Amino acid sequence: MGTALTTSEVLAARYQEAWLIGPEADAFWSQLAQFQAHLQVMQPCDVLLAESHPVRFLAAFLAAVQSPCRVWLANPQWGSREWSQVATQCQPDTIIGNSPLPIDPGIKTATLVPLLSTSYPHTQILIPTGGSSGNIQFATHTWDTLAASVQGFCQHFGCDTVNAYCVLPLYHVSGLMQALRCLLSGGRLVIQPFRELLGGDTSVMPVVSRHPSDFLSLVPTQLQRLLASDRDFVPWLRQFRAILLGGAPPWPSLLQTARDLQLPLAPTYGMTETASQVATLLPQEFLAGQTGSGRALPHADLTIRDASGSSLRPYQIGQIAIAATSLAHAYGQTPIMQPLQTGDLGYLDAAGCLHVVGRAQTLIMTGGEKVLPEEVETAIAATGLVPDVAVLGIPDVDWGERVVAIIASADAAVSDRLCPLLKVQLSAYKIPKQWFCRVELPRNAQGKLNRVALRQWVLDQLGSTAAANQSTLESGDGVVG
């Protein structure tokens, strides 16, 4: 790819091409014209896009970004709590799709959170993030930041044209960027909801064989479900040039299974703020046994920083910082500064490959020792005794925090079998002191664990004593950071 074209230039260059494959894909161009006509009489405006049908979503999105608008992407499945959070940030002039928010054109209430710019000098694309913690906010992108991500992707994989098979929602950055890679590079996009693919609808699956450069994007839970299905998806998965895996940390046993099956996995690291991936391990590297998230894409620069902001040497763990031309400009009225301090902990190896080890905010301090819950979760998952696990730090008056584990199991006695296995791998202070069982753990559509909800559930199980301890600890002085 060369210099990024504007939205209008891209659509003009691809006019009437059959670039979409899937149900009602042939209606894209007529729907685009309808949305363009609708929005032309409303400029400038705030457009809330909460459309569940992927073809209508893409037509509406591309019509909106051609106009001097603020385009707010929304999950049509949000509940009342999520919509109430959105209402404090967005008051739309028009809604495409389904949303309970009122439309009040031209009247912006003073209670709304102001944006970085209200003069609409360029189209602002506001993509939701933070839903896994229950607090939705919007990262403000532009066409240029999204196009920079596409260009970096093409350079990293050495391809001029991208064809993708999309089973992820388009309102999420991981789905949206698949569509834009195909559109901007001259490729084609297959659209199929994951539940239909898993359920056996193979109506669009054969298209992969006609496009040898195809990419598939999955979250770890989706890959696990495909591999566990009664249907044999392995030959189909092997046809892809790369299976991008991101959205949540993959567990070691899943990666090893994929490697044993010779699946062309490409583990990635990225986020909404960076318009998807900024580091990706290439499939040939993965199959050769390399671990981690690979090297930075050409449009990004990754550094590891200590608490003072100084860069660390290879293999030293610190906070991951990202400078990228794809970085969003703001959260609402709050500018995002380069480099972005992600809150993720990791290190770079001697080859410059990124290894993510956890989140700074989930770090557990117990008796003066630091525990990465992700490390303990990995060790528990590696035993194969439980299908899902989470590790948290719960307030403790003696230790500061107490390490506890929540497992997806109906057998409370499984912890008796787990502890001896963990003692071989982990220091004693890292081994959970309490175990809780649930039918399943709360995860979002991308497979990310809702630690906020899980922490509250554990506190409820422990009762008022733990809650009182939490209040004492959080209101006291001398917090260790």
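Following this note's numbering, the numbering of the sequence shown begins with -7 at its first residue and continues without gaps. Here a beta-carbon is modelled for each residue, glycine too, at the ideal position from N, C-alpha and C. Since the structure is predicted, the reported quantities are computational estimates derived from the model, not experimental observations.
Tell me which residues share the same chain as residue i and place their Cβ nearer than 8 Å to its Cβ, disregarding the 5 neighbours each side in the sequence.
{"i": "Pro161", "result": "Asn67, Gly167, Ala437"}
{"i": "Gln32", "result": "Ser59"}
{"i": "Glu367", "result": "Val349, Gly350, Leu418, Lys422"}
{"i": "Gln453", "result": "Phe428"}
{"i": "Ala352", "result": "Gln311, Gly335, Asp336, Leu337"}
{"i": "Leu441", "result": "Ser124, Ala240, Ala382, Leu433, Pro434, Arg435"}
{"i": "Trp391", "result": "Thr358, Gly359"}
{"i": "Trp75", "result": "Ser91, Pro92, Leu93"}
Among residues of its own chain, excluding the 5 on either side of residue i, which ones have a beta-carbon nearer than 7 Å to its beta-carbon?
{"i": "Leu24", "result": "Ala51, Leu54, Ala55"}
{"i": "Ile235", "result": "Leu208, Leu210, Leu229, Leu255, Pro256, Leu257, Ala258"}
{"i": "Thr354", "result": "Pro365, Arg443"}
{"i": "Leu237", "result": "Leu210, Pro212, Leu215, Leu257, Ala258, Pro259, Thr260"}
{"i": "Gln308", "result": "Ile296, Tyr339"}
{"i": "Leu410", "result": "Ile372, Thr375, Leu377"}
{"i": "Ala19", "result": "Val47"}
{"i": "Lys100", "result": "Its pLDDT being 48, under 50, Lys100 is placed unreliably in this model, and the value from its coordinates should be taken loosely. The residues are Gln83."}
{"i": "Thr86", "result": "Met34, Cys37, Val39, Ile95"}
{"i": "Arg223", "result": "Gly192"}
{"i": "Thr370", "result": "Trp243, Pro244"}
Let's test the definition: count the other Cβ atoms within 10 Å of the Cβ of residue i and tell me whether it reaches 16, buried, or not, exposed.
{"i": "Met263", "result": "buried"}
{"i": "Ala299", "result": "exposed"}
{"i": "Ser91", "result": "buried"}
{"i": "Tyr475", "result": "Residue 475 falls outside the range modelled here, since the chain spans only -7 to 473, and no answer is possible."}
{"i": "Thr194", "result": "exposed"}
{"i": "Gly455", "result": "exposed"}
{"i": "Asn127", "result": "exposed"}
{"i": "Gly473", "result": "With a pLDDT of 24 at Gly473, under the threshold of 50, the modelled position of this residue cannot be trusted, and the question is left open."}
{"i": "Gln448", "result": "exposed"}
{"i": "Tyr7", "result": "exposed"}
{"i": "Ser177", "result": "buried"}
{"i": "Ser479", "result": "Given a span of -7 to 473 for the chain in the structure shown, any question on residue 479 remains unanswerable."}
{"i": "Val416", "result": "exposed"}
{"i": "Asp408", "result": "exposed"}
{"i": "Val389", "result": "exposed"}
{"i": "Gln143", "result": "buried"}
{"i": "Pro424", "result": "buried"}
{"i": "Thr80", "result": "exposed"}
If you measure between the beta carbons of residue i and residue j, is that distance less than 8 Å?
{"i": "Ile398", "j": "Ala382", "result": "yes"}
{"i": "Ile312", "j": "Asp336", "result": "yes"}
{"i": "Ala400", "j": "Pro379", "result": "yes"}
{"i": "Gln129", "j": "Thr121", "result": "yes"}
{"i": "Leu3", "j": "Val47", "result": "no"}
{"i": "His321", "j": "Thr134", "result": "yes"}
{"i": "Ile314", "j": "Leu289", "result": "no"}
{"i": "Cys151", "j": "Ile183", "result": "no"}
{"i": "Ala267", "j": "Val165", "result": "yes"}
{"i": "Gly284", "j": "Leu274", "result": "no"}
{"i": "Thr317", "j": "Ala131", "result": "no"}
{"i": "Val57", "j": "Ile88", "result": "no"}
{"i": "Trp64", "j": "Cys37", "result": "no"}
{"i": "Ala156", "j": "Gln147", "result": "no"}
{"i": "Val154", "j": "Arg173", "result": "yes"}
{"i": "Arg430", "j": "Cys345", "result": "no"}
{"i": "Asp206", "j": "Phe186", "result": "no"}
{"i": "Leu190", "j": "Ser221", "result": "yes"}
Give me the DSSP bridge partner(s) of residue i.
{"i": "Ser209", "result": "Leu236"}
{"i": "Leu340", "result": "Leu346"}
{"i": "Gln116", "result": "Arg62"}
{"i": "Ile13", "result": "Val182"}
{"i": "Leu257", "result": "Ile235"}
{"i": "Tyr323", "result": "Ala131, Thr326"}
{"i": "Val363", "result": "Ile356"}
{"i": "Ile372", "result": "DSSP, once it has assigned bridges, lists no residue as partnering Ile372."}
{"i": "Val383", "result": "Ala397"}
{"i": "Gln333", "result": "Ala313"}
{"i": "Ala271", "result": "Tyr261, Ala288"}
{"i": "Asp136", "result": "Bridge partners of Asp136: none, in fact."}
{"i": "Thr86", "result": "Val39"}
{"i": "Arg217", "result": "In DSSP, Arg217 forms no bridge with anything."}
{"i": "Leu294", "result": "Ile314"}
Nearest chain B C-beta to residue i closer than 8 Å, yes or no?
{"i": "Leu237", "result": "Of the chains in the structure shown, none is chain B; there is only one protein chain."}
Within its chain, find whatever has a CB closer than 6 Å to the CB of residue i; leave out the 5 residues flanking it on each side and keep chain order.
{"i": "Glu432", "result": "Ala400"}
{"i": "Asp293", "result": "Ala315"}
{"i": "Phe278", "result": "Leu257"}
{"i": "Glu16", "result": "Val47"}
{"i": "Phe149", "result": "none"}
{"i": "Gln276", "result": "none"}
{"i": "Arg62", "result": "Asp38, Gln116"}
(message) Ignoring anything shorter than 4 residues, give me the alpha helix (DSSP H) runs that lie fully in the stretch 411 to 466, in order along the chain.
(response) The DSSP assignment places complete alpha helix (DSSP H) segments of no fewer than 4 residues inside the stretch 411 to 466 at 443 to 454, in order along the chain.
(request) Scan the stretch 22 to 51 and note each continuous beta strand (DSSP E) run of 3 residues or more that stays entirely inside, going in chain order. (result) Runs of beta strand (DSSP E) with 3 or more residues, each lying fully within the stretch 22 to 51, are found at 37 to 42, listed in chain order.
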